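Each residue of the sequence shown is one higher than the last, beginning at 1 in full-length UniProt numbering.
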Amino acid sequence: MMTKQDGYTLVIEANRLDAQYWKDLWQYRELLWMLCRRDLSVRYKQTAMGLLWAIFRPLLSIGAFTVLLGNVAKLPSEPEVPYSVLIFSGTLVWNFFSQCLTSVSSSLLTNGNLIGKVYIPRLIIPLSTIAVALVDFLVLLLIFLCVLAWFGIVPPAQCPAALGFILLAGLLALGPGIILAALTLHYRDVAHAASVAIGFGIYLSPVMYSSSLVPEKWRMLYDFNPIVGVVDGFRWAMLSTPAFPTQAVLFSCLWTVAMLWVGVLVFRRMERTFVDVM
């Protein structure tokens, strides 16, 4: 549609606004890096224990689960993999996934001052919060590699694939995360419900145990959990577990694509109301 006003021609094209949004997202990439640097600065510079606390919490959980499940309950590990290493690998992936999901889902509330002042593609805000989770992951990954060296475990040739599974974990968290971020502005209790779900989800995922414990008749239902393929795939890449979890990884990829698509649709639909509810 074309209209003329005061000598100017206004052109309104179907779907142009959506196309322009993604162009704006790319053009505002410098803002994305600025927000990432700000979040990292706030996390690690203002508190002396910031980085140490990010390391201490998962290490404490790993130690507790190793004693309770490995030494007391005597749950089996993967072949030639100490139980503490099995738990460390699962915790490494789960900690990154849950931290991404939590930070993305609360990102709009914690950055409300950016929403009403100037125009920015607001999808930048949840994207920027992943930086802190990534730094925490890299620090724990370094410790994990030291633990592998301590036990004499050499990462196999397929270890670079571990980075792909971590990317998959981040994208898997981003889809539901941006949905929760948009809903949290309207319904503040959503954040509390999400925290409970994340806390419960660790027990349904192969973080503290090996997937080999799951009976074959329940395997497809178990693999339908999207985080199973990510954790088992990471273990296959770093610990050379016996078989590549093809079915679980396929489900994880399908879940990731579906949730990202739905997440972007919901976020874009609700984005126009963000200023009204802040």
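Each residue gets a CB set at the ideal place from its N, CA and C atoms; glycine is no exception.
Values in this document were obtained by computation on a predicted structure and should not be read as measured data.
To the nearest whole angstrom, what separates the beta carbons of residue 238 and residue 162, a pair I think is in contact under 8 Å?
Along the sequence shown, read from residue 1 onward, the residue named residue 238 stands at position 238. Along the sequence shown, read from residue 1 onward, the residue named residue 162 stands at position 162. Yes, residue 238 and residue 162 are in contact; Cβ-Cβ is about 5 Å, under 8 Å.
I need the boundaries of the alpha helix (DSSP H) containing residue 222, first residue and last residue.
For the purposes of this step, residue 222 is identified with residue 222 of the sequence shown, where counting begins at 1. First-last of the alpha helix (DSSP H) with residue 222: 219-223.
Give me the Cα-Cα distance between residue 269 and residue 170, rounded to the nearest whole angstrom.
Translated into the one-based positions of the sequence shown, residue 269 becomes position 269. Translated into the one-based positions of the sequence shown, residue 170 becomes position 170. One C-alpha to the other measures close to 23 Å.
CA nearest to the CA of residue 235, picked from 60, 81, 69 and 62:
Start at 1 with the first residue of the sequence shown, and residue 235 comes out as number 235. For residue 235, the nearest C-alpha among the options comes from 81.
Separation of residue 74 from residue 37, as counted between CA atoms:
Mapped onto the sequence shown, residue 37 falls at position 37. Mapped onto the sequence shown, residue 74 falls at position 74. Each residue's alpha carbon lies about 44 Å from the other.
Quick one: measure Cβ to Cβ for residue 103 and residue 210, integer angstroms, because I've assumed they're closer than 8 Å.
Stepping through the sequence shown from its first residue, residue 103 is reached at position 103. Stepping through the sequence shown from its first residue, residue 210 is reached at position 210. About 29 Å separates the two Cβ atoms, so there is no contact after all.
Determine the direct distance from the alpha carbon of residue 253 to that of residue 122, and round the result to whole angstroms.
Locating residue 122 in the sequence shown gives position 122, where the first residue counts as 1. Locating residue 253 in the sequence shown gives position 253, where the first residue counts as 1. Roughly 25 Å separates the two Cα atoms.
Whole-angstrom distance between residue 216 and residue 147, CA atom to CA atom
Residue 147 sits at position 147 when you count from the first residue of the sequence shown. Residue 216 sits at position 216 when you count from the first residue of the sequence shown. Approximately 32 Å, taken between the alpha carbons.
Helix, strand or coil: which one does DSSP assign to residue 262?
Walking along the sequence shown from the start, residue 262 turns up at place 262. If DSSP states are grouped into helix, strand and coil, residue 262 belongs with the helices.
Beta-carbon proximity list for residue 88, same chain, < 8 Å, skipping 5 on both sides
To locate residue 88, count along the sequence shown from 1; it is residue 88. Answer for residue 88: 62, 144 and 147, listed in chain order.
Pick helix, strand or coil for residue 209, following the three-state DSSP scheme.
Counted from its first residue, the sequence shown places residue 209 at position 209. If DSSP states are grouped into helix, strand and coil, residue 209 belongs with coil.
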